[in-house]
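Everything on this sheet refers to the single structure shown next.
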Amino acid sequence: MKKISLKDIAALAGVSPSTVSFVLNGKEKQMRISEDLANKVRAVATKEGYKPNQVAVSLRTGQSKILGLIVESIGGNFFGALAKVIEKEADKNGYRIVYCSTENDPVKGREMLRMLSNSQVDGYMITPVNGMEKDVLELVKAKKPVVLIDGYFPDIPAPYVLVNNLAGVTQGMNHLIAKGYSKIGFVTVDIELVQIREREQAYLAALKKHKLGASRKLILTLEYNYDKEAGVKAICKFIKDHPELDAIFFATYYLGISGLQSIQDLKLRIPKDL
DNA sequence: GCTCATCATGAACGACGGGT
DNA sequence: ACCCGTCGTTCATGATGAGC
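The following block contains the structure:
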């Protein structure tokens, strides 16, 4: 069976295609189309199960009503929850989301950007990875709508939405310090992301502010894609090498999980020993 | 003859294929 | 090598008829 087009509906209803278009797009008032005719057109369209040809709509309007979302990873709590909200808001406004991930690989990030571009998406939401600067800049130069999420490029004039890394870490540190801990370690990763750097800076700033001797000696930096076991071992060694530690701050939730494993392996008790 | 309501006409969108 | 029609849809503009 042939796909029913707007023209078919028009022929069946005995009106012109434009009339059908206006009615189905809710512009019958604006176009002064009588209520009776509008109802008739709607009835025919529903009966025939008419669905607009999105390719043609895009061709005509220049809009795809699709937004591209590039996140760090599709799995995981943070980006999963984020995507859910974004999808919901997009849906409210008649947009759909194409969803892909970079795994913090700039090559893959660029590949995804090109894919989205070829798919004619109307806008981009991107969690930036170092190495994507040129491509993002190109989008901005081309006046494409771009929003960066959970990170930004200082030199690129694109709007961004961030977690308040500074306030979050500061609040956490203040809590530990208020509880009387003074030898606080910091475990982070060596990835070049602004949010990670900000967290480390906030950690150091908190120590400095409370005159607890801000130094890098109590900072452990793991490789970003650290092996699970190796990471746990490294944290164990870090704790053993620094017996003066009475508290540890983990820069990310996955580091925290590894850290809990390490602490358990060392048979230390929380919060008695650490 | 004029105004208003009501609906139709036709061009345009971008890429591709077929015809000269 | 170039032009032109094709797809389905949208929208500015035009056309028709009714009522005064």
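Numbering (the working numbering), first residue to last: 411 to 684.
Glycine is no exception: its CB is placed at the ideal position from the N, C-alpha and C atoms.
Every value quoted in this text rests on a predicted model; they were computed, and no experiment measured them.
Who are G595's beta bridge partners in DSSP?
-> Position 185 of the first sequence, counted from the start, is the residue given in the question as residue 595. Answer is I658.
Are at least three pairs of beta-carbons, each pair with one atom in the stretch 460-480 and one in the stretch 532-541, less than 8 Å apart?
-> Put simply, the stretch 460-480 touches the stretch 532-541. At least three CB pairs are less than 8 Å apart.
Quick one: what does DSSP say M535 is sitting in, helix, strand or coil?
-> One-based indexing of the first sequence puts residue 535 at position 125. Strand, per DSSP.
Helix, strand or coil: how does DSSP classify T512 here?
-> Here residue 512 is taken as the residue at index 102 of the first sequence, counted from 1. T512: coil per DSSP, three-state reduction.
Between the stretch 608-619 and the stretch 642-655, are three or more C-beta pairs nearer than 8 Å?
-> Flag = no, the stretch 608-619 and the stretch 642-655 do not touch.
Among residues of its own chain, excluding the 5 on either side of S672, which ones have a beta-carbon nearer than 6 Å to its beta-carbon?
-> Against the first sequence, residue 672 aligns to sequence position 262. Excluding the 5 residues flanking it on each side, S672 has same chain C-beta neighbours closer than 6 Å at V642, I645, C646, in chain order.
Kindly list the residues whose CB is nearer than 8 Å to the CB of L630, restricted to its own chain and excluding five residues on each side of it in sequence; keep chain order.
-> Sequence index remark: in the first sequence, residue 630 carries index 220 (1-based). So the qualifying residues of the chain are G595, F596, V597, T598, A644, I645, F648.
Pull up the CB-CB distance for S511 and E482, whole angstroms please, since I reckon it's below 8 Å.
-> In the first sequence, the residue the question calls residue 511 occupies position 101. In the first sequence, the residue the question calls residue 482 occupies position 72. With 8 Å as the limit, S511 and E482 qualify as a contact, their Cβ atoms being about 6 Å apart.
Let me know the beta strand (DSSP E) ranges lying completely inside the stretch 540-589, each 3 residues or longer, listed in chain order.
-> List check, beta strand (DSSP E) in window: 556-559.
What are the start and end residues of the beta strand (DSSP E) that includes V481?
-> Your numbering for residue 481 matches position 71 in the first sequence. Residue range 476-481 is occupied by the beta strand (DSSP E) that includes V481.
N-terminal and C-terminal residue of the alpha helix (DSSP H) that L676 is part of = Your numbering for residue 676 matches position 266 in the first sequence. In the DSSP assignment, L676 falls outside any alpha helix (DSSP H), carrying neither H nor E.
Hey, quick one: how far does the beta strand (DSSP E) through L622 stretch, first residue to last?
-> Numbered from its first residue, the first sequence carries residue 622 at position 212. First-last for L622: undefined, no H or E at that position.
Close beta carbons around L684, own chain, < 8 Å, minus the five adjacent residues each side = Counting from 1 along the first sequence, the entry for residue 684 is found at position 274. Same-chain partners within the cutoff: I649, L655, D656, A657, I658, I673, L678.
Looking only at its own chain, which residues have a Cβ that is under 7 Å from the Cβ of L549, when we skip the five neighbours before and after it?
-> Your numbering for residue 549 matches position 139 in the first sequence. Only Y534, V556 meet the Cβ criterion.
Please determine if the stretch 415-423 and the stretch 453-461 are in contact, where contact requires at least 3 C-beta pairs separated by less than 8 Å.
-> The stretch 415-423 is in contact with the stretch 453-461.
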